[in-house]
Amino acid sequence: MNLISVTINHKTAPIELREALYLSEIEIRKILNQIKETLLKEVCILSTCNRTEIYGVPSNHSITYREVQEFILTQKPVTKIKSDNFLNYYSCGAANHLFRVSSGIDSLVIGDQQILGQVKDAYNIAVEENCVGTFLQKTFQSALKLGKRIKTETDLFEGPTSVSSAAVQLAGKIFSDLKKKSVLVIGAGETGKLTIQNLIQKNVTNLTISNRTFSRAEKLAAKYNAKVLPFDNLKERLNEYDIIISATSSNSILINRDEMSAAMRKRKFEPVCIMDIAIPRDFDPNVKDIENIFYNDIDSLQTMVNLSLEGKKALLPAIQKIIMEELIELFSWYNSLQISPLLKSMREQFESVRSQEFDAFKNKFASNEVENLELLTKRIVKKLLHNPTVYLRKSADQVDTQGELQLKIKILKDMFNLNSKGNESE
Amino acid sequence: MKILIENLNIAIPILYFIVFILYFSNFWKPRKSLARLKRIILFLTLLIHFFYLFARTIEFDHVPITNIFEIFTLLAFAITLSYYILELITEVRNTGMFILFIPMVFQIISSLKIVDLLNVQEILRSPFLGVHVFTALAGYAGITFSAIYGGLYLMLYKQIKMHRFGLLYQRLPNLELLESLNYTSALIGFTMLSTAIVIGIIWMPQAFTNPSYFDPKLIATIFIWILYALGITTKIFAKWRGKRIIYLSLAGFVVALFSMTLLNLLFTGFHKFH
Chain F
1 MNLISVTINH KTAPIELREA LYLSEIEIRK ILNQIKETLL KEVCILSTCN RTEIYGVPSN
61 HSITYREVQE FILTQKPVTK IKSDNFLNYY SCGAANHLFR VSSGIDSLVI GDQQILGQVK
121 DAYNIAVEEN CVGTFLQKTF QSALKLGKRI KTETDLFEGP TSVSSAAVQL AGKIFSDLKK
181 KSVLVIGAGE TGKLTIQNLI QKNVTNLTIS NRTFSRAEKL AAKYNAKVLP FDNLKERLNE
241 YDIIISATSS NSILINRDEM SAAMRKRKFE PVCIMDIAIP RDFDPNVKDI ENIFYNDIDS
301 LQTMVNLSLE GKKALLPAIQ KIIMEELIEL FSWYNSLQIS PLLKSMREQF ESVRSQEFDA
361 FKNKFASNEV ENLELLTKRI VKKLLHNPTV YLRKSADQVD TQGELQLKIK ILKDMFNLNS
421 KGNESE
Chain D
427 MKILIENLNI AIPILYFIVF ILYFSNFWKP RKSLARLKRI ILFLTLLIHF FYLFARTIEF
487 DHVPITNIFE IFTLLAFAIT LSYYILELIT EVRNTGMFIL FIPMVFQIIS SLKIVDLLNV
547 QEILRSPFLG VHVFTALAGY AGITFSAIYG GLYLMLYKQI KMHRFGLLYQ RLPNLELLES
607 LNYTSALIGF TMLSTAIVIG IIWMPQAFTN PSYFDPKLIA TIFIWILYAL GITTKIFAKW
667 RGKRIIYLSL AGFVVALFSM TLLNLLFTGF HKFH
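Chains F and D are the protein sequences, given in the same order.
Anchor point for the first sequence: position 4 equals 4 in the numbering used here, and the numbering is continuous, going up by one each time.
Adding 426 to a residue's 1-based position in the second sequence gives its number in the numbering used here.
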């Protein structure tokens, strides 16, 4: 399999280098077209905040990962980058790497859900730029199928991977439909923003933002189509919200137990979920003792994340098994591509010998026997070809890392003098 | 026919056991193939159980309500059927093991002890009585479900409050849904009990020459009916939510259980037929 992969990712390079090598969609389209003309006849580029990877089929045997690395660095010059920052894979290794990436187990946070969509986008861009041939098409489709299998057959994508996603997931364990719930986010910082993004993914629409600096809350609210609650009115209107997420940089407690008790009385003790992800905490932790208040601080949410990650790690053997199954299927397909031309040549040659001999001898038989004679010769040829065909197909179904299949193909070609027929596959 | 009934009497508890094991194992280790299989087996069990009850009715010429063990098999059927409908409506499939344990126990006891009575009081052959008993059983099944979902609500409530994100946290549906299941089951149970009471009261003067309105079962049922009517009214008008309403429903169930048991043990009435 003539596939190569050059990658720089969170395991090989610090964030500064990854950022420097990050390629936008416009850059990807430009590079795809340039690299296709010079180095790789099929190519696909995946670039996310954690990785930039190039998968391709070299135009000729002299092209290696070095040329690909050099090409990328001429297009996107990055100082301080070393060859150690790249990982290079070939053949089975390259396919295995792509499969690991699309399954989510190679991500910075194991079980990252976004990666499958990113692989799909990368593939679609390459298709649009006419950079995908039969080989990359099959490889990427297998990778996408693998991702879907992981999603349906395992729980890898279940469970939170960050504190903000844990907060949203916990709210989903308390309420049936987050869409119908009123959500208040206190604090317009980075954590608040991340949580809002997670909430919007869960179709939350009734969103209110409150921040000490009103203009920042307004800005964030405009971005996410949310309402703004003036910080001074916060305490008296706490009762209006089913989910409260607090992530301010306040140095002291913002809401004490009595204030929260009063809010609960106002809302007739309807359940409230409070996610206090600020350090130091914004809510008095004693609010957890109030009936129907589900209070979580950053520690409990982090516990949830850790448990989820442990669970995901336990799934690794099952996922490796699925990856291996998909690799075997891909290689069987690839090997069958290689044996098809050989089988065709063999059939043609046997048929040519048969028809020549048949034509030469048919006049020596009575006219009523000619038809049976032709049938007989055809049957003999078919039977002679049966065993080699089965043998080759069986060999093609096995993962071939040692080039055994290539050797068998060569022997058969030499033995039957099929080299002149062409149909060489790569 | 009798041989078939005897064979079904052995097969049905085995089927209930298989169903319970399937729901049990799928709770601890969810697999999509098993999730489909368990529902199919549950449906088949119900179908066979229905045929068994039908066959008994034809063979012995009375609805199977003449003795406690016939009531048990009918109760097992009523609970399972109610659960199956609830599962179809809500698509909550993970709570089955907490409920299907009950019909399994009832069916095993019934199968071990059931007697085939051919000569029963004429009154027990009435189809009115069949409807009355079935609605009453379905009513009690409803309030039992309500209590089970209430119990599951409290378990999950505690898990979330104490930040324990283990297996129960992962497998149980969300609190709001459990609360809604608790309420819907109570509402269905209440409606069924109301139907049973109405049919009973209308039919009673026709069936008995000297019926007593102080029959312990009647008193207990009306008492339970009032309790649930109060609970449902509180939920609707006082807008109680969460833990409070769950406690109320559990209290209702405990009172129902004790009043039914105590009144039946201490007093006798026209509800005894053998």
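Every residue, glycine too, gets a C-beta built ideally from N, C-alpha and C.
Does DSSP put D/P456 in a helix, a strand or coil? DSSP places D/P456 in coil when its eight states are reduced to three.
Between the Cα of D/L501 and the Cα atoms of D/T617, D/Q632, D/H558, D/G592, which residue gives the shortest distance? Comparing Cα positions, the closest option is D/H558.
Figure out for me which residue from F/V57, F/K76, F/K80, F/V305 has the closest Cα to the Cα of F/Y90. Comparing Cα positions, the closest option is F/V57.
Is F/M415 buried or exposed, if buried means 16 or more other CB atoms sit within 10 Å of its CB? So F/M415 counts as exposed.
Proximity test, Cβ basis, 8 Å: D/K587 and chain F: Yes, contact with chain F.
Between F/R257 and F/M304, what straight-line distance do the alpha-carbon atoms span, to the nearest angstrom? Spanning the alpha carbons of F/R257 and F/M304 requires a straight line of approximately 25 Å.
So, using beta-carbon positions, are F/V429 and F/L199 closer together than 8 Å? No answer is possible for residue 429 of chain F: the residues shown for chain F start at 1 and end at 426.
How would you label D/H700, buried or exposed, when you count the other beta carbons within 10 angstroms and need 16 or more for buried? Reliability of the predicted coordinates at D/H700 is poor, the pLDDT of 44 falling under 50, and no value is obtained from them.
Kindly indicate if chain F contains any beta-carbon less than 8 Å away from that of D/R519. For D/R519, the nearest beta carbon of chain F is not closer than 8 Å to its own beta carbon.
Quick one: is F/K268 near chain A, going by C-beta distance under 8 Å? Of the protein chains in the structure, F and D, none is chain A.
Identify every residue that forms a DSSP beta bridge with D/M581. Its beta-bridge partners do not exist; DSSP assigns none.
Between the alpha carbons of F/G422 and F/N2, how many angstroms are there, rounded? Because F/G422 sits at a pLDDT of 45, beneath the cut-off of 50, its placement in the model cannot be relied upon, and the following sentence gives the value as read from the coordinates. Approximately 19 Å between the Cα atoms of the pair.
Anything in chain F within Cβ reach of D/G668, meaning under 8 Å, just list it in chain order. Near D/G668 (Cβ distances below 8 Å), the residues of chain F are F269, E270, P271, E291, N292.
The ligand ADP heavy atom lying under 7 Å from the CB of D/L603: The ligand ADP is not part of the structure shown, which contains no ligands of any sort.
Residue range of the alpha helix (DSSP H) that F/K223 falls in? Residue range 214–224 is occupied by the alpha helix (DSSP H) that includes F/K223.
Interface residues of chain D around F/K173 at Cβ under 8 Å? Contact annotation for F/K173 against chain D: L582, I586, Y595, N600, L601 [CB-CB distance below 8 Å, chain order].
Thinking F/F157 and F/D242 are a contact (beta carbons under 8 Å), I'd like their distance in whole angstroms, please. Not confirmed; about 26 Å, so no contact.
Taking the alpha carbon of D/N493 as the point to measure from, which residue in D/L468, D/L463, D/D641, D/G556 has its own alpha carbon closest? Considering only alpha carbons, the answer is D/G556.
Within 8 Å (strictly less), CB to CB, does D/K665 reach chain F? True, the Cβ-Cβ gap to chain F drops below 8 Å.
Pick out whichever of D/N433, D/K539, D/T471, D/Y609 has its Cα sitting closest to the Cα of D/I662. Ranking the options by Cα distance to D/I662, first place goes to D/Y609.
For chain D, check one thing: does any of its Cβ atoms lie closer than 8 Å to the Cβ of F/S300? The beta-carbon of F/S300 is placed less than 8 Å from the nearest beta-carbon of chain D.
Classify F/N306 as helix, strand or coil using the three-state DSSP reduction. If DSSP states are grouped into helix, strand and coil, F/N306 belongs with the helices.
Rounded to whole angstroms, what is the Cα-Cα separation between D/G615 and D/S638? Take the alpha-carbon of D/G615 and the one of D/S638: they are about 25 Å apart.
Spell out a yes or no on whether the segment 179–191 of chain F and the segment 228–243 of chain F are touching, meaning 3 or more CB-CB pairs, one atom from each, closer than 8 Å. The segment 179–191 of chain F, when compared against the segment 228–243 of chain F, does touch it at the 8 Å Cβ threshold.
Top-ranked residue by Cα proximity to F/K151, from F/L73, F/Q114, F/Q197: The option with the nearest alpha carbon to F/K151 is F/Q114.
Since F/A95 and F/T139 are thought to touch, with beta carbons under 8 Å apart, how far apart are those beta carbons, to the nearest angstrom? Taking the Cβ atoms as the reference, F/A95 lies roughly 6 Å from F/T139, within the contact range of under 8 Å.
Is it buried or exposed for F/V101, if we count other Cβ within 10 angstroms and need 16 for buried? Only buried fits F/V101, as 16 or more other CB atoms lie within 10 angstroms of its CB.
Other residues of its chain near F/D297: CB distance less than 6 Å, five sequence neighbours each side excluded: Cβ neighbours of F/D297 beyond the five flanking positions: D276, R281.
Measuring CA to CA, which of D/I429, D/I628, D/A567 is closest to D/A612? Among D/I429, D/I628, D/A567, the Cα nearest to that of D/A612 is on D/A567.
Given D/L460, which residues of its chain have a CB within under 8 Å of its CB, disregarding the five upstream and five downstream residues? L448, S451, N452, listed in sequence order.
Evaluate contact between the segment 625–632 of chain D and the segment 338–345 of chain F, counting only Cβ atoms and requiring at least three cross-stretch pairs below 8 Å. Counting Cβ pairs under 8 Å, fewer than three are found: no touch.
Quick one: is D/T561 buried, meaning 16 or more other Cβ sit within 10 Å of its Cβ, or exposed? In the assembly as shown, D/T561 is a buried residue. Its beta-carbon has 16 or more other beta-carbons within 10 Å.
Contact between the segment 268–275 of chain F and the segment 73–80 of chain F: three or more CB pairs below 8 Å? Contact between the segment 268–275 of chain F and the segment 73–80 of chain F is absent, because fewer than three Cβ pairs lie under 8 Å.
Please return the same chain residues whose Cβ sits closer than 7 Å to the Cβ of D/L472, not counting the five positions on each side in sequence. Around D/L472: T506, L507, Y510.
Look up D/E485 in the DSSP assignment and say whether it is helix, strand or coil. Here D/E485 carries a helix assignment [DSSP, helix/strand/coil].
When D/P439, D/L468, D/T647, D/F649 are compared against D/E513, the one with the closest alpha-carbon: Of the candidates D/P439, D/L468, D/T647, D/F649, the one whose C-alpha sits nearest the C-alpha of D/E513 is D/L468.
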